[in-house]
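Visitor:
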RNA sequence: GGUCCCUUCGUCUAGUGGUUAGGACACUGGGUUCUCAUCCCAGCAACACGGGUUCGACUCCCGUAGGGAUCACCA
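Residue numbers (this note's numbering): 45 to 518.
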């Protein structure tokens, strides 16, 4: 049977890294078996729905290259792919359950339910609806919730990640199948849909593990084969004390992209958060993941989200890019002052910046002095640990000597380096002093690429002009 | 509290009865005739605890502790 996996988020907000990892793994499982990866929108809670989040979800998936084969916006043979468009299907399955005596109308009022709960709490025992199952429930007319009539027992099932899990009968209860607003609950809808859509692998977050006994009971009542289950451990927040959630600042995937993170870095980072291939490989491309990923090597415990590691990985992928590719990716990150400069000049600047970029967003801070006149700040000179030993007169004279030599120099990186070296001899200064001074006087930045490369790219005219400015201002 | 799950350097992890417990991030030091970054080298640093089983346990079993998830007309 062809492998079919799905990612089934509810459109209640943005997609953060925890959610995207589940999607990525489901995608990998399907694709490495030449199967299909399906996106299904679980929009059965109209109250919590957030406008625009469905579009956001699909954009996030696409931005990381997680392409689904069937979904609400592209259709497919098993549609519709939005639960709110499948209401009649749930009705049909609900009727089946009623006819077989496995579902009944819940006729209690909210107040009565509340009283049951409080009583259970007072008696220090878990509340179970099935303890209050009515003898002769009224016929279900859709105006009240429809409940599953469970037959409590112990289950043992296999989870691809957690292994064999045994559950206790007491957690099986008469949960709600259909809400009084006509929508199914997740508990009911996902099982129906997975069956209707021929889903073979259910890959989802660990939070559903505790509901497994109820799901297993429902599969039985519905006479359905169970799919393969794989519950993903949660990605924990940076403090490691709870699952990463939107409330504690979990960033949206698209936000990372906007902040200059490469999709391939995000994919590699997310995949290796709780998974590895058993070798010492630390970084994976999507292609490699497709070859090497397997659910049985996914970690059981939750991994913390370590932003430092992501940053390192992002820098790594930036360095791996060809200059042309990097130029394409970084197009929207140039400082505004770069606009009037030619692509070839920008590319030369980029070549010098590439090794220094941790994110694409670092570009302006690293390169602005190539495009605009930097703001001078004499404190850079006066507080520099080499230069503060020199008087302003000494600095001026050094700068004048440098200006003179550079004026006569040929203007290639190699020639400039020769000139610089001669300057070292004629002035008797150490590189740490002379080069630092010239660097600051021409860039007004705390650091830059190698001095000769920087000057070569800056151009003779600008270099000399900036030196002159400093000489005159001293 | 009930139920289920988890526990190797600060972090991500390798490890399936006998290893100097390996790698990576981070951090520290050094090198690459200047800064920052890259790159290279070195260093720091872990088997939660207590009992078993065994000639021998990080590895198997049982406890304890700690952590997480879940107990909705949310998914």
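Glycine included, each C-beta is placed from N, C-alpha and C at the ideal position.
What you are looking at is a predicted structure, and each value in this text was computed from that prediction instead of being measured.
Verify whether the separation of the beta carbon atoms of residue 404 and residue 361 is less than 8 Å.
Guide: In this structure, residue 361 does not lie closer than 8 Å to residue 404 by Cβ.
Visitor: Could you give the distance in angstroms between the alpha-carbon of residue 268 and the alpha-carbon of residue 48?
Guide: Going by the C-alpha atoms only, they are around 16 Å apart.
Visitor: Just to confirm, are residue 487 and residue 498 a CB contact at a threshold of 8 Å?
Guide: Cβ distance < 8 Å, so residue 487 and residue 498 count as in contact.
Visitor: For the alpha helix (DSSP H) containing residue 259, name the first residue and the last one.
Guide: Element bounds for residue 259: 256-265.
Visitor: Let's test the definition: count the other Cβ atoms within 10 Å of the Cβ of residue 337 and tell me whether it reaches 16, buried, or not, exposed.
Guide: Residue 337 is buried by the Cβ-count criterion.
Visitor: Given that a residue counts as buried once 16 or more other Cβ atoms are within 10 Å of its Cβ, and exposed if not, what is residue 390?
Guide: Under this definition residue 390 is a buried residue.
Visitor: Between 428, 495, 427 and 436, which has its C-alpha nearest residue 455's C-alpha?
Guide: It is 495 whose Cα lies nearest to the Cα of residue 455.
Visitor: Could you check if residue 50 is buried or exposed, using at least 16 other CB atoms within 10 Å of its CB as the buried criterion?
Guide: Residue 50 should be labelled buried.
Visitor: If I measure Cβ to Cβ from residue 447 and keep anything under 8 Å in the same chain, skipping five residues before and after, which residues do I get?
Guide: Only 508, 511, 512 and 515 meet the Cβ criterion.
Visitor: How many angstroms separate the CA atom of residue 290 from the CA atom of residue 60?
Guide: Distance between the alpha carbons of residue 290 and residue 60: 7 Å.
Visitor: Sorted by chain position, which residues of the same chain lie with C-beta nearer than 7 Å to residue 211's C-beta, five sequence neighbours on each side aside?
Guide: Closer than 7 Å at Cβ, skipping near neighbours: 198, 199, 256 and 257.
Visitor: By the 10 Å Cβ neighbour count, where 16 or more other Cβ atoms means buried, how is residue 27 classified, buried or exposed?
Guide: Absent from the structure is residue 27, since the part of the chain shown begins at 45 and ends at 518.
Visitor: If you scan the stretch 398-457 from start to end, which runs of the alpha helix (DSSP H) of 4 or more residues do you find wholly inside it?
Guide: Whole alpha helix (DSSP H) segments, 4+ residues: 407-411, 423-426 and 436-452.
Visitor: Going along the chain, which residues of its own chain have a beta-carbon closer than 6 Å to the beta-carbon of residue 227, five neighbours each way excluded?
Guide: Closer than 6 Å at the Cβ level, and outside the excluded window around residue 227, lie 88.
Visitor: Is the beta carbon of residue 351 closer than 8 Å to that of residue 282?
Guide: Yes, the pair counts as a contact, with Cβ atoms nearer than the cut-off.
Visitor: For the stretch 102-122 against the stretch 153-166, are there 3 or more C-beta pairs whose distance is under 8 Å?
Guide: No, the stretch 102-122 is not in contact with the stretch 153-166.
Visitor: Between residue 431 and residue 480, how many whole angstroms is the CB-CB distance? I'm expecting something under 8 Å.
Guide: The Cβ separation is near 6 Å, so the contact holds.
Visitor: Around the Cβ of residue 328, are there at least 16 other Cβ atoms within 10 angstroms (buried) or fewer (exposed)?
Guide: It counts as buried.
Visitor: So is residue 233 buried or exposed if we call it buried at 16+ other beta carbons inside 10 Å?
Guide: So residue 233 ends up on the buried side.
Visitor: Is residue 295 closer than 8 Å to residue 206 when the C-beta atoms are compared?
Guide: In this structure, residue 295 does not lie closer than 8 Å to residue 206 by Cβ.
Visitor: Tell me residue 208's beta-bridge partners as DSSP assigns them.
Guide: BP columns for residue 208 point to 202.
Visitor: Tell me which same chain residues have a C-beta within less than 8 Å of the C-beta of residue 347, skipping the five on either side of it?
Guide: Around residue 347: 277, 279, 280, 317 and 318.
Visitor: With DSSP as the reference, please indicate the residues paired to residue 246 in a beta bridge.
Guide: Answer is 273.
Visitor: Are the Cβ atoms of residue 414 and residue 310 separated by less than 8 Å?
Guide: Contact flag unset, no.
Visitor: Would you kindly check if the distance between the Cβ of residue 108 and the Cβ of residue 98 is under 8 Å?
Guide: Going by C-beta atoms, residue 98 is not nearer than 8 Å to residue 108.
Visitor: For residue 304, does the count of other Cβ atoms within 10 angstroms reach 16, so buried, or fall short, so exposed?
Guide: The residue in question, residue 304, is buried, as its Cβ has 16 or more Cβ neighbours within 10 Å.
Visitor: To which residues does DSSP link residue 46 through a beta bridge?
Guide: For residue 46, which the question treats as bridged, DSSP gives no partner whatsoever.
Visitor: Roughly how many whole angstroms lie between the Cα atoms of residue 203 and residue 358?
Guide: If you take the alpha carbons of residue 203 and residue 358, they lie about 33 Å apart.
Visitor: Could you tell me the distance, in whole angstroms, from the CA atom of residue 178 to the CA atom of residue 209?
Guide: Those two C-alpha atoms are separated by around 32 Å.
Visitor: Let me make sure I understand the geometry here. Which of 288, 285, 231 and 244 has the alpha-carbon closest to that of residue 260?
Guide: Of the candidates 288, 285, 231 and 244, the one whose C-alpha sits nearest the C-alpha of residue 260 is 231.
Visitor: Go ahead and pull the three-state DSSP assignment for residue 385.
Guide: Of the three classes helix, strand and coil, the one that applies to residue 385 here is coil, per DSSP.
Visitor: Tell me whether residue 125 sits in a helix, a strand or coil according to DSSP, three-state version.
Guide: Three-state DSSP puts residue 125 in coil, outside helix and strand.
Visitor: Would you decide whether residue 483 is buried or exposed? Buried here means 16 or more other CB atoms lie within 10 Å of its CB.
Guide: The residue is buried, with at least 16 neighbouring Cβ atoms inside 10 Å.
Visitor: So for residue 330, helix, strand or coil by DSSP?
Guide: Helix.
Visitor: On the CB-based measure, 16 or more other CB atoms within 10 Å of its CB, does residue 241 come out buried or exposed?
Guide: By the neighbour-count rule (16 or more Cβ atoms within 10 Å), residue 241 is buried.
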